[in-house]
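> Residue numbers (my numbering): 6 to 249. Have a look at this one before I ask anything.
Here it is in structure tokens:
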């Protein structure tokens, strides 16, 4: 998997950014806390966390964001070769604490990976295409919402607001035509910023989706009273006979 370790020779991470393996060590600790036993015998190597059970998480070379920004690639089954199915997400250590960024990934995109590996609805919800919260034509594995703001009460209020808004169902028509993976497509829902300057963003397979982001912005989610950021994640899988 050389593509997930590609970095210009001699390049050094920004001073405020942890080296890849140090950040992945935090991801490993958070995964273990979230799902005890899941990281047993997993190794930190190169820029990857590799499990003998066949899954891996890697830090990709950053292609947007600042020094506290980490692009993560989840590979649920590295035995599928040569093109290993994967999904991407990014997290930012907004408070300067990279462990909180690792926790945010684990509780959203990481939870979806864990649920894909062990589909028992312990880590994320399964939503059928014709359900009230479903994405038409796709089986969804959907995480809860995580708040990353300065005020705990505002975090909770916007977490609830984001989930109540049923974003993916309401704006599905803007992005489903761009879901191309025959395995699974990763979709991040993000809403954050300071009062009067909140940003809504949808990322599909790691890339900002302009039409979906604009549609989410038009949902007029509530403004916080202090800096607040909330996010959740979904894996969208093609509907098969087992999902009908």
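A virtual CB, placed ideally from N, CA and C, is assigned to each residue, including glycine.
Whose C-beta lies closer than 8 Å to the C-beta of residue 231 among residues of the same chain, with five residues either side of it excluded?
Cβ neighbours of residue 231 beyond the five flanking positions: 154, 155, 156, 159, 199, 200.
> Give, in chain order, every unbroken run of the beta strand (DSSP E) that is at least 3 residues long and sits entirely within the region 57-84.
Fully enclosed beta strand (DSSP E) runs of 3 or longer: 61-65, 74-80.
> Assuming the contact rule is C-beta atoms closer than 8 Å, residue 255 and residue 235 should be a hit. Round their C-beta distance to whole Å, please.
What is shown of the chain runs 6 to 249, which leaves residue 255 out entirely.
> Which runs of the beta strand (DSSP E) spanning at least 3 residues fall entirely within the region 186-217, listed in chain order?
The qualifying runs are 190-199, 202-209.
> Just to confirm, are residue 78 and residue 65 a CB contact at a threshold of 8 Å?
Yes, Cβ-Cβ distance for residue 78 and residue 65 is below 8 Å.
> Helix, strand or coil for residue 243, going by three-state DSSP, please let me know.
In this structure, residue 243 counts as strand in the three-state DSSP scheme.
> Going straight from the alpha carbon of residue 112 to that of residue 224, what length do you get?
So the alpha carbons of these two residues sit roughly 25 Å apart.
> Cutting at 7 Å between CB atoms, please list the residues of its own chain near residue 13, excluding the five before and the five after it.
Here the model assigns residue 13 a pLDDT of 36, short of 50, so the residue's position is not dependable, and the following value carries that caveat. There are no such residues.
> Have a look at residue 185 and residue 243 and give me their C-alpha separation to the nearest angstrom.
Cα-Cα distance, rounded: 10 Å.
> Nearest CA to the CA of residue 167: which residue from 179, 189, 195?
Nearest C-alpha to residue 167: 195.
> Can you list, in chain order, the residues of its chain with a C-beta nearer than 7 Å to that of residue 67? Leave out the 5 residues immediately preceding and following it.
The residues are 74, 76.
> With respect to the alpha helix (DSSP H) encompassing residue 100, which residues constitute its N-terminal and C-terminal limits?
Element bounds for residue 100: n/a, residue is neither H nor E.
> Apart from the five residues on each side of it in sequence, which residues of its chain come closer than 7 Å, Cβ to Cβ, to residue 177?
Cβ neighbours of residue 177 beyond the five flanking positions: 140, 141.
> For residue 42 and residue 125, I'd like the C-alpha separation in whole angstroms.
When rounded, the distance between both Cα atoms is 16 Å.
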